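Notes for the one structure printed next.
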Amino acid sequence: MSIEKLSEQLINQIAAGEVVERPASVVKELVENALDAGSTRIEIRLEQGGIRLIQISDNGCGIHRDELPLALSRHATSKIRSMEDLEALHTLGFRGEALPSIASVSRLSMTSAVEGERNGWRLTGDGSDVFREAAPAAHPVGTTVEVRDLFFNVPARRKFVRTERTEFNHCETVIRTQAAACPEVAFILRHNDRVVLDLPAAADPAQRVRALLGEAFMDAATPVDEQRAGLKLSGWLGAPTQSRAQPDQQFFFVNGRAIRDRVLAAAVRKAYQDVLYHGRHPMFVLELELDPVQVDVNAHPTKQEVRFRESRMVHDFIFHALHKALADVRPGDGGMPGHLPPVTGAARPSQEQAAPGFPRERALSGLGVPEYRAEARSPAAGSGDRREYASGTSSEYAAAWAEFRGPAAVAEPAPRAFEAAARADEDAGTEGTPPLGFALGQVAETFVLAENASGLIVVDMHAAHERITYERLKREWGSQGITSQPLLVPETLDVTPAEAALAEEHAGVLGALGFELDRAGPETLTLRAAPALLRGRDTAQLVRDVLADLAAVGYSHRAEGEMNAVLGTMACHGSVRAGRRLTLPEMNQLLRDMEATERSGQCNHGRPTWVELDHQALDRLFLRGR
Numbered sequence: 117m118s119i120e121k122l123s124e125q126l127i128n129q130i131a132a133g134e135v136v137e138r139p140a141s142v143v144k145e146l147v148e149n150a151l152d153a154g155s156t157r158i159e160i161r162l163e164q165g166g167i168r169l170i171q172i173s174d175n176g177c178g179i180h181r182d183e184l185p186l187a188l189s190r191h192a193t194s195k196i197r198s199m200e201d202l203e204a205l206h207t208l209g210f211r212g213e214a215l216p217s218i219a220s221v222s223r224l225s226m227t228s229a230v231e232g233e234r235n236g237w238r239l240t241g242d243g244s245d246v247f248r249e250a251a252p253a254a255h256p257v258g259t260t261v262e263v264r265d266l267f268f269n270v271p272a273r274r275k276f277v278r279t280e281r282t283e284f285n286h287c288e289t290v291i292r293t294q295a296a297a298c299p300e301v302a303f304i305l306r307h308n309d310r311v312v313l314d315l316p317a318a319a320d321p322a323q324r325v326r327a328l329l330g331e332a333f334m335d336a337a338t339p340v341d342e343q344r345a346g347l348k349l350s351g352w353l354g355a356p357t358q359s360r361a362q363p364d365q366q367f368f369f370v371n372g373r374a375i376r377d378r379v380l381a382a383a384v385r386k387a388y389q390d391v392l393y394h395g396r397h398p399m400f401v402l403e404l405e406l407d408p409v410q411v412d413v414n415a416h417p418t419k420q421e422v423r424f425r426e427s428r429m430v431h432d433f434i435f436h437a438l439h440k441a442l443a444d445v446r447p448g449d450g451g452m453p454g455h456l457p458p459v460t461g462a463a464r465p466s467q468e469q470a471a472p473g474f475p476r477e478r479a480l481s482g483l484g485v486p487e488y489r490a491e492a493r494s495p496a497a498g499s500g501d502r503r504e505y506a507s508g509t510s511s512e513y514a515a516a517w518a519e520f521r522g523p524a525a526v527a528e529p530a531p532r533a534f535e536a537a538a539r540a541d542e543d544a545g546t547e548g549t550p551p552l553g554f555a556l557g558q559v560a561e562t563f564v565l566a567e568n569a570s571g572l573i574v575v576d577m578h579a580a581h582e583r584i585t586y587e588r589l590k591r592e593w594g595s596q597g598i599t600s601q602p603l604l605v606p607e608t609l610d611v612t613p614a615e616a617a618l619a620e621e622h623a624g625v626l627g628a629l630g631f632e633l634d635r636a637g638p639e640t641l642t643l644r645a646a647p648a649l650l651r652g653r654d655t656a657q658l659v660r661d662v663l664a665d666l667a668a669v670g671y672s673h674r675a676e677g678e679m680n681a682v683l684g685t686m687a688c689h690g691s692v693r694a695g696r697r698l699t700l701p702e703m704n705q706l707l708r709d710m711e712a713t714e715r716s717g718q719c720n721h722g723r724p725t726w727v728e729l730d731h732q733a734l735d736r737l738f739l740r741g742r
C-alpha cells in the first residue's frame, strides 16, 4: 500500500483515543483549562453521566474572538513557547491537543467573553474538522464549553462506555480531586438537573478537606508539614482505623497536579505498613511541592503520571515525613486514635507503687521481650490507687522507669510523662491527669478500664503490649544491624540475564540487606548468605522479589518487611495474653508505656489498641439530659 498523509479529523480522533477515554476524561481536561484561566468559580453540568452532555462554565479570563478557532486546532496553546517552558511548567494543561481531540468525537460548542468586550462569541462544530464562523453570543466574562453526544461518530468507542451511574461516579471523582487541590475555587456539580456538589471557596484548605472527606476524617487526621532539600510535603493523614478496602479516598498532588505514581505509592505503603490490616488502604490528602524542573509531567498522555529526576530522594523524603508523622502521634496529642485533648500535667507514681509487678525482660531468640508477670488482682481499685500513683516526684518516676527498663534505660529516651512530670515539679507542684488516665480494673481479663480527664478509656491489653514490644524489638534490631548468616549449602538461583546483571550492579545494596550473591553464569546466581533473622524462610524467592523491585524503582523494602514480620510474630508471642490477671500497678505501667510508644494506637496487625468514651458519649448512652 502507498504511504498517504492522514486527514486532520482522523489525526484528532487517534489523539482522542489517548486523551478521551470516557466522559470523566473530558471533564478533567476542561476543568484544568478553567483553572489555568484563573477561575474562582467553576460549574459542571452533566446529563446521563456525561454521555449526553458535559457543560463546563467558568469565570476565568476568557478567549478572544480571533483565537477561538485556534483553540480548537491541534497543538495550539498559550501555556508554552519553548523547551524551557516545557521543563518548568506551572500550568495544568500544556499539550494543546485536548480541545481538538474532544471536538473530533462530539458535538462541541465553545462560548467565551473577555474583559472590556460588549459581548461574547460562540464557535460550534459537528465532529468534523470544519467549524462554523464565530457568532456573537451573550455571555459573562469567562468560558462555557458544551460537549454533546460523546463518541456519536465513533461507534466502536461508544461500546466501551459503561452505565450512566458508573460514568457519573468517575466524573464526580475527578471533580472531588480537583476541588481538593484548589480549595480557593468554588465548584458546583449538577447531574440531570440535580445539585450533587456545592463547594464554596474556602480560605482554609482544611475546610475543603472536611467538606470532601467528612468530619470523622478531619477529627482523627494527623497533619503533615515537612520541608527539606527543596521539597515540601503538606496535608493530612487519615487514622489507620479509617482504612478502606479500595484506594478511593487518596489524594496526592504534585505542584497542584493530581497524579498517580509508583514512587509516591510505595512511600505511603511503607509508612503505613505497621499500622494497617493487610490489603487495606489509608485515607490521605497530600501535596508535594518542588522545583518544576525536578519533575517531568509530560510522561503520560493524560498527565496523570509523572517522572522525578531524583526519584529515590523524593521517595525517602515522603516516607520519612509520613513515618515521622504517624510515629509521633501519642495519646494526648489529639488526632488518631481516641481524639484525646492534650493535658498540661502528668501523674507520677511513687517508687514503691511503680516497681512491684513491673514486667521483667527475658530472652527470646536473642532479643529481650518484656513480659508482664501474672499476679493476683488487686482487691481494690479507685481513688486510693490514684492518690498513691500521683504522689511521687519526677526523680522517683525516672527511677521507676530505670527499674522497669534496666540497663536499656540509659540509651532509651524517657516517656513524655516523665518530661511532663519534671516540668510539673517546677510549676509549684501542679497535678494533672496523664492522657490515658489511671487504671480502674480489668474486664474479662482482656481489657483494661481507665479513667482520664475526658472520660473512660478501654485498652486491649494484648494489642497494646504487642505494639510496645514490637517497637522495642525494632529499635534493638536496628541498633544491632542486619546479621548475615552463611548457608551450609549455597543455593543456586536461575534468573534472567538482566536480573543477574542487576545483582552485580547492586551488590552493595543486597549486601546491606544481608544477602551475599555471586554471579555463577549468564543466567545463574549463587546465594551464599542470607539475613539470620529470616532463617527457614524462602530466601531464594525473596531475592527474586528484591531484584524485581530494584529493576522497577531502583530500591526494595521487601527484606525489611520480611524481617519486621518476624519481629511482629516474636512480639505477638512475647506479649501479655488475654486471660492474664494484671495488678493495678501493671495496668498503669502499660498505660504509661503506651503514652511513650510510637504508633501505640494500633498493634502491628492494624487492630486498634484503645478507644475512648468521653463524658458526652457516656451521657448519650444513658440518655442523660433528655
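Residue 117 is where the sequence shown starts when you use this note's numbering, and the numbers rise one by one after that. Where a beta carbon is used, it is the ideal one built from N, C-alpha and C, also for glycine. As the structure is a computational prediction, the values presented were derived from the model and not from experiment.
First and last residue of the uninterrupted alpha helix (DSSP H) at residue i
i, result
"Leu700", "700 to 712"
"Ala441", "427 to 443"
"Gly236", "Not the alpha helix (DSSP H): Gly236 falls in the beta strand (DSSP E), residues 236 to 240."
"Phe174", "One point to set straight first is that residue 174 is Asp, not Phe, in the sequence displayed. Taken as a continuous stretch (DSSP letters only), Asp174 belongs to no alpha helix (DSSP H), being part of the beta strand (DSSP E) at 169 to 174."
"Glu620", "613 to 621"
"Pro185", "184 to 187"
7 Å Cβ shell around residue i - same chain, five flanking residues per side excluded
i, result
"Leu618", "Leu663, Leu666, Ala667"
"Val325", "Ala296, Met334, Trp352, Val401"
Where residue i falls: helix, strand or coil (DSSP)
i, result
"Ala387", "helix"
"Ala645", "strand"
"Asp543", "Here the model assigns Asp543 a pLDDT of 42, short of 50, so the residue's position is not dependable, and the following value carries that caveat. Coil at Asp543, not helix or strand."
"Ser595", "helix"
"Arg588", "helix"
"Asp245", "coil"
"Val409", "helix"
"His307", "strand"
"Asp654", "coil"
"Val136", "coil"
"Pro271", "helix"
"Glu213", "coil"
"Leu202", "helix"
"Gln420", "coil"
"Gly624", "helix"
"Glu504", "Note that Glu504 scores 37 on pLDDT, short of 50, meaning its location in the model is unreliable; the coordinates nonetheless yield the value given after this. Here Glu504 sits in helix by DSSP."
"Gln365", "coil"
"Pro398", "coil"
"Ser570", "coil"
"Glu148", "helix"
"Phe563", "strand"
"Val277", "coil"
"Ile179", "coil"
"Ile291", "helix"
"Gly166", "helix"
"Cys345", "Here residue 345 turns out to be Ala, not Cys, going by the sequence shown. Ala345 falls in the coil class under three-state DSSP."
Presumed contact (8 Å Cβ cut-off) between residue i and residue j, rounded CB distance
i, j, result
"Lys800", "Val290", "Examination of residue 800 is not possible in this model, given that the chain is present from 117 through 742 alone."
"Ser228", "Val263", "Ser228 to Val263, Cβ: 15 Å. No contact."
"Glu421", "Arg376", "6 Å"
"Glu639", "Thr612", "6 Å"
"Leu215", "Asp152", "With 8 Å as the limit, Leu215 and Asp152 do not qualify as a contact, their Cβ atoms being about 12 Å apart."
"Gly166", "Pro139", "3 Å"
"Ala302", "Arg157", "4 Å"
"Val445", "Gly717", "7 Å"
Neighbourhood of residue i by C-beta, 8 Å cutoff - its chain only, sequence neighbours within 5 removed
i, result
"Arg693", "His578"
"Arg644", "Pro602, Leu603, Pro606, Glu632, Leu633, Asp634"
"Asp308", "Per the sequence shown, residue 308 should be read as Asn rather than Asp. Excluding positions up to five away in sequence, the list reads Leu162, Glu163, Gln164."
"Ile179", "Ala187, Met226, Ser228, Val230, Thr259"
"Lys275", "none"
Min CB distance residue i to chain D below 9 Å
i, result
"Ala733", "Checking the listed chains, one finds no chain D in this structure; it contains a single protein chain."
Close Cβ partners of residue i (< 6 Å) along its chain, the five nearest in sequence each way excluded
i, result
"Glu159", "Ser173, Ile304"
"Ala116", "Given a span of 117 to 742 for the chain in the structure shown, any question on residue 116 remains unanswerable."
"Ala251", "Arg238"
"Phe368", "Leu380, Leu402"
Span of the beta strand (DSSP E), counted from its first residue to its last, around residue i
i, result
"Ser225", "223 to 229"
"Pro299", "Segment: none, Pro299 is in no beta strand (DSSP E) and carries neither H nor E."
"Pro84", "The requested residue 84 is not part of the displayed model; the chain covers only 117 to 742."
"Arg736", "Note, Arg736: premise wrong, no beta strand (DSSP E); alpha helix (DSSP H) at 731 to 737."
Near the ligand ZN: residue i beta-carbon under 8 Å from a heavy atom
i, result
"Arg326", "The ligand ZN is not part of this structure, which contains no ligands at all."
*asked:* Going residue by residue through the region 309 to 342, where are the continuous alpha helix (DSSP H) segments of at least 4 residues, counting only ones entirely within it?
replied: Here the runs fully enclosed are 321 to 329, 331 to 336.
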